[in-house]
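For the record, in the sequence shown the residue sitting at position 168 is 487 according to the numbering used here, with numbers rising by one throughout.
The C-beta atom is built at its ideal place from N, Cα and C for all residues, glycine as well.
Okay, structure first, notes after.
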Amino acid sequence: MSHLYKFLTISLIAMLFSSCLRESESELERIIARDDAILERYIENNQINATRTQSGFFYEKTTQNPDGAEIQNDDYVGVYFEIRSLDGQLVKSYMDESKEPIIFKQSMDGIWPVVFAYAAGLSRVGEELMVYAPSYLAFGSYGYQQLILSNSNLVIRLKIARKYTLDEMKAREKEMILDYIEANDLEGFEEIAEGIFRRILDAGDTEKNPSVNSSVVVFDFELFQLGDSQVTFDSNPASRPSITIGSTGGLQFLDRGLLGVRQDAEIEVIAYSFAAYDRSIQIIPSEIREDLFLKGEQIDLVRPFTPVLLKATIWSVL
Numbered sequence: 320m321s322h323l324y325k326f327l328t329i330s331l332i333a334m335l336f337s338s339c340l341r342e343s344e345s346e347l348e349r350i351i352a353r354d355d356a357i358l359e360r361y362i363e364n365n366q367i368n369a370t371r372t373q374s375g376f377f378y379e380k381t382t383q384n385p386d387g388a389e390i391q392n393d394d395y396v397g398v399y400f401e402i403r404s405l406d407g408q409l410v411k412s413y414m415d416e417s418k419e420p421i422i423f424k425q426s427m428d429g430i431w432p433v434v435f436a437y438a439a440g441l442s443r444v445g446e447e448l449m450v451y452a453p454s455y456l457a458f459g460s461y462g463y464q465q466l467i468l469s470n471s472n473l474v475i476r477l478k479i480a481r482k483y484t485l486d487e488m489k490a491r492e493k494e495m496i497l498d499y500i501e502a503n504d505l506e507g508f509e510e511i512a513e514g515i516f517r518r519i520l521d522a523g524d525t526e527k528n529p530s531v532n533s534s535v536v537v538f539d540f541e542l543f544q545l546g547d548s549q550v551t552f553d554s555n556p557a558s559r560p561s562i563t564i565g566s567t568g569g570l571q572f573l574d575r576g577l578l579g580v581r582q583d584a585e586i587e588v589i590a591y592s593f594a595a596y597d598r599s600i601q602i603i604p605s606e607i608r609e610d611l612f613l614k615g616e617q618i619d620l621v622r623p624f625t626p627v628l629l630k631a632t633i634w635s636v637l
């Protein structure tokens with residue numbers, strides 16, 4: 320399945336746990352028993368005063384904040400973290416609080432490894448935890464170079480920095496878009512719908528009718544994460560995408576951005592994620608997103624909570 324086809328048709332939300340393990344029920348039971356025994360021995364040998372959860376991980380709160388807001392389902396959560404293997408090998412550290420926290424939607428399909436969601440669900444804003452995670456709640460059998468070894472149990476230092484409302488998340492991305500337009504001296508962008516900005520670089524063939532609701536628009540494109548110079552997706556002459564205005568399966572930035580355009584027009588559309596890939600899962604560490612995608616996992620290359628920039632040339636309007 321090509322990147323282009325996935326861009327237009329794949330589900331934007333997926334659980335990676337089952338696809339990364341791909342184990343039979345009996346094999347999964349064996350893995351669970353093995354990891355549980357390894358973690359219990361690690362906790363005991365290191366005299367760690369941790370609580371075991373029903374889902375299988377251990378945790379201890381190193382900083383408590385009983386007055387902090389509880390983390391609930393569908394909250395937008397910002398965290399700092401450090402991930403190590405049980406033998407101390409660093410997988411990823413993101414503890415610099417001068418940077419924006421890593422944000423995910425609190426749900427079982429909002430972040431991978433899923434143990435982040437389980438741990439956040441036991442926390443309040445301002446709390447810090449040590450999490451001891453079995454591989455079946457972490458990366459499973461997935462491995463990546465020397466960074467992640469398959470079937471690794473993990474030690475995670477996790478700080479719950481803040482949570483955001485939906486309005487705050489939308490305002491954050493709109494500010495990112497406006498800052499990008501200003502910083503790059505881009506003229507002609509207009510907000511044509513909430514969170515969707517468009518400029519027309521070339522009006523195209525003015526003798527042709529513009530696209531309306533139910534029009535079929537065929538186009539060439541390049542798609543970028545806002546601020547990235549590397550293309551995330553693009554089309555090719557052998558496989559141009561087409562959409563029917565008004566029925567693009569929730570990709571509002573295409574619906575609105577390609578409405579009212581003519582053949583041969585050239586446009587640019589910048590949209591916040593809530594009008595584009597609002598169900599993209601947060602992957603930690605971010606370096607493995609492309610590798611997971613190329614291995615066939617049902618995820619998007621587009622990162623969550625990041626605006627996108629679409630550059631498109633209209634091939635035809637039918």
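Straight-line CA distance for D428 to A452?
Here residue 428 is taken as the residue at index 109 of the sequence shown, counted from 1. Here residue 452 is taken as the residue at index 133 of the sequence shown, counted from 1. Taking the straight line joining both Cα atoms gives about 17 Å.
Looking at C-beta atoms only, is the number of pairs between the stretch 391-405 and the stretch 426-444 that lie closer than 8 Å three or more?
yes
C-beta atoms of V535 and S554 nearer than 9 Å:
Residue mapping note: residue 535 aligns to position 216 of the sequence shown, counting from 1. Residue mapping note: residue 554 aligns to position 235 of the sequence shown, counting from 1. Their beta carbons are not under 9 Å apart, which means V535 does not touch S554 by this criterion.
For a test of the three-state rule: what should DSSP assign to Y455, helix, strand or coil?
As a position in the sequence shown, residue 455 is number 136, starting the count at 1. In the structure shown, Y455 sits in a helix (DSSP, three-state: H, G or I).
Could you tell me the alpha carbon to alpha carbon distance between G375 and D355, rounded to whole angstroms?
Here residue 375 refers to the residue found at position 56 when the sequence shown is read from its first residue. Here residue 355 refers to the residue found at position 36 when the sequence shown is read from its first residue. The alpha-carbon atoms of G375 and D355 are separated by roughly 7 Å.
Evaluate T632 with the Cβ neighbour count: other Cβ atoms within 10 Å of its Cβ, from every protein chain shown; 16 or more gives buried, anything less gives exposed.
By 1-based counting over the sequence shown, the position of residue 632 is 313. By the 10 Å Cβ count, T632 comes out buried.
Less than 9 Å between the C-beta atoms of S404 and S471, yes or no?
If you number the sequence shown from 1, residue 404 lands on position 85. If you number the sequence shown from 1, residue 471 lands on position 152. In contact: S404 and S471 (Cβ atoms closer than 9 Å).
Which complete alpha helix (DSSP H) runs does the stretch 557-617 hold, if anything under 4 residues is left out?
571-576, 608-613
Within 9 Å, strictly: CB atoms of T372 and E447
Within the sequence shown, the letter at position 53 stands for residue 372. Within the sequence shown, the letter at position 128 stands for residue 447. Not a contact, by the Cβ cut-off of 9 Å.
Can you find at least 3 beta carbon pairs, one from the stretch 488-505 and one from the stretch 568-580, that sit closer than 8 Å?
no
Using three-state DSSP, classify K482 as helix, strand or coil.
Locating residue 482 in the sequence shown gives position 163, where the first residue counts as 1. Three-state DSSP puts K482 in a strand.
For V450, which residues does DSSP report across the bridge?
Within the sequence shown, numbered from 1, the residue matching residue 450 stands at position 131. Answer is Y378, I475.
Taking only the alpha-carbon atoms, compute the straight-line gap between R559 and S533 and give it to the nearest angstrom.
By one-based count along the sequence shown, residue 559 stands at place 240. By one-based count along the sequence shown, residue 533 stands at place 214. Roughly 18 Å between the two C-alpha positions.
Pairwise C-alpha distance: L520 and V433
Counting from 1 along the sequence shown, the entry for residue 433 is found at position 114. Counting from 1 along the sequence shown, the entry for residue 520 is found at position 201. Cα to Cα, V433 sits roughly 43 Å from L520.
Looking at C-alpha atoms only, which residue of A436, N528, Q408 is the closest neighbour of I421?
Reading the sequence shown from its first residue, position 102 is the one you call residue 421. With distances taken between Cα atoms, I421 lies closest to A436.
Residue range of the beta strand (DSSP E) that F435 falls in?
Your numbering for residue 435 matches position 116 in the sequence shown. No beta strand (DSSP E) contains F435, which is instead part of the alpha helix (DSSP H) from 434-439.
Quick test of the definition: if touching needs 3 or more C-beta pairs under 8 Å, does the stretch 540-552 touch the stretch 604-617?
no
Candidates A388, E389, P604, R581: closest to G462 by CA position
Along the sequence shown, one-based indexing puts residue 462 at 143. Closest by alpha carbon: P604.
For R517 and E506, believed in contact at Cβ under 8 Å, the rounded distance:
In the sequence shown, the residue the question calls residue 506 occupies position 187. In the sequence shown, the residue the question calls residue 517 occupies position 198. Not a contact, Cβ separation roughly 13 Å.
Here's the rule: buried if 16 or more other CB atoms are within 10 angstroms of the residue's CB, otherwise exposed. What is R581?
In the sequence shown, residue 581 corresponds to position 262, counting from 1. By the 10 Å Cβ count, R581 comes out buried.
Please classify Q601 as buried or exposed, where buried requires at least 16 other C-beta atoms within 10 Å of its C-beta.
The residue labelled residue 601 in the question sits at position 282 within the sequence shown. When all chains shown are included, Q601 counts as buried.
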